[in-house]
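Okay, so the sequence shown: first residue is 2 according to the numbering used here, each after it adds one. From the three backbone atoms N, C-alpha and C, an ideal C-beta is built for every residue, glycine too. Here's the structure, in structure tokens; my notes come after.
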Amino acid sequence: MRDLVLIGGGGHCRSCIDVIELENKFRILGVLDDNLRVGVPIGRYSVIGNDSDAEKIAEKQGGGGICFLVTVGFLKTLETRKNIFERFKNKVNMATVISPLAYVSKYASVGRGTIVLHHAMINFGAKVGENCIINSKALIEHDAIVEDHCHVSTAVVINGSVKIGHSSFVGSNSTVVQCMEIANSSFIKANRIVKNGQKIC
């Protein structure tokens with residue numbers, strides 16, 4: 002079991018903690034957050050510093066044995082989450098977390114820094130990039146591509162051979178029709194049926 006520090010102590014962090022504990026591959030040491038004081042409790046854990054402490058913690062722990070996970074969600078934009086990941090991705094080990102209640106095909110791939118939450122499904126040939134959130138009950142169908150820094154919300158359906166451009170947000174209960182390409186940095190509201198993107202197959 003490897004040690005893990007979470008970066009970001011908001012609501013999404015709480016969802017991540019639940020998945021991490023159930024997966025039972027990491028031991029959470031605490032949370033880093035620029036906007037919360039040290040000692041503030043977050044579930045069973047507490048804030049142990051701010052974002053800039055990540056490298057110092059990694060060095061103190063010997064580097065290779067400790068991992069980090071960005072647990073900032075969608076805060077009006079994905080830029081905060083993206084910037085944190087880009088800042089640290091070449092300096093510390095970024096964890097990949099997959100709920101044991103999720104299904105990820107052995108023919109699919111999930112990038113580092115990504116979390117796959119409870120009851121999500123990632124099917125044959127799908128590719129999910131780095132630093133993504135695949136939220137509870139989301140479906141990523143066969144051969145779909147979700148590029149880096151995307152947030153696929155609860156109960157979203159990404160159909161076969163869809164491509165979601167990097168840094169995009171897909172709102173809860175939305176459906177993207179098969180073979181659609183969604184542009185980079187797109188924002189799709191909840192409960193939408195997306196069928197007017199560029200057709201790629």
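Where K61 falls: helix, strand or coil (DSSP): helix
Considering Cα atoms alone, identify which of K26, C180, K200 and I43 is closest to I8. I43
Nearest to D35 by alpha carbon, out of I29, A55, R45 and Y46? A55
What ranges does the beta strand (DSSP E) occupy inside the stretch 171-195, keeping only unbroken runs of at least 3 residues that lie completely in it? 181-183
Contacts around I141, its chain only, beta-carbon distance under 8 Å, and the 5 residues preceding and following it disregarded: A109, A121, M122, I123, N124, A127, V129, I135, V147, V153 and I159
Can the beta-carbon of G10 be found less than 7 Å from the beta-carbon of L30? no
Pick helix, strand or coil for H13, following the three-state DSSP scheme. helix
I67, enclosing beta strand (DSSP E) - first and last residue: I67 to V71
Look up R28 in the DSSP assignment and say whether it is helix, strand or coil. strand
Contact between the stretch 86-101 and the stretch 15-26 is defined here as three or more beta-carbon pairs at a separation below 8 Å; is this criterion met? yes
Alpha carbon of L79 to alpha carbon of H143, nearest angstrom: 25 Å
Count the other CB atoms within 10 Å of the CB of K196; is the residue buried (16 or more) or exposed (fewer)? exposed
Between the beta-carbon of G74 and the beta-carbon of H150, is there less than 7 Å? No.
Whose C-alpha, out of V171, Q179 and K164, is nearest the C-alpha of S137? V171
What's the gap between the Cα of D52 and the Cα of L33? 5 Å
With H, G and I counted as helix, E and B as strand and the rest as coil, what does DSSP make of V1? Look at the range of the chain in this structure, 2 to 202, and you will see that residue 1 is not part of it.
Do V157 and S168 come within 7 Å of each other at the CB atom, strictly closer than that value? No, the pair does not count as a contact, with Cβ atoms beyond the cut-off.
Alpha carbons only, please: which of R28, I67 and A191 is nearest the one belonging to V93? I67
If you follow the alpha helix (DSSP H) that R113 is part of, which residue opens it and which one closes it? Run containing R113: none; DSSP gives neither H nor E here.
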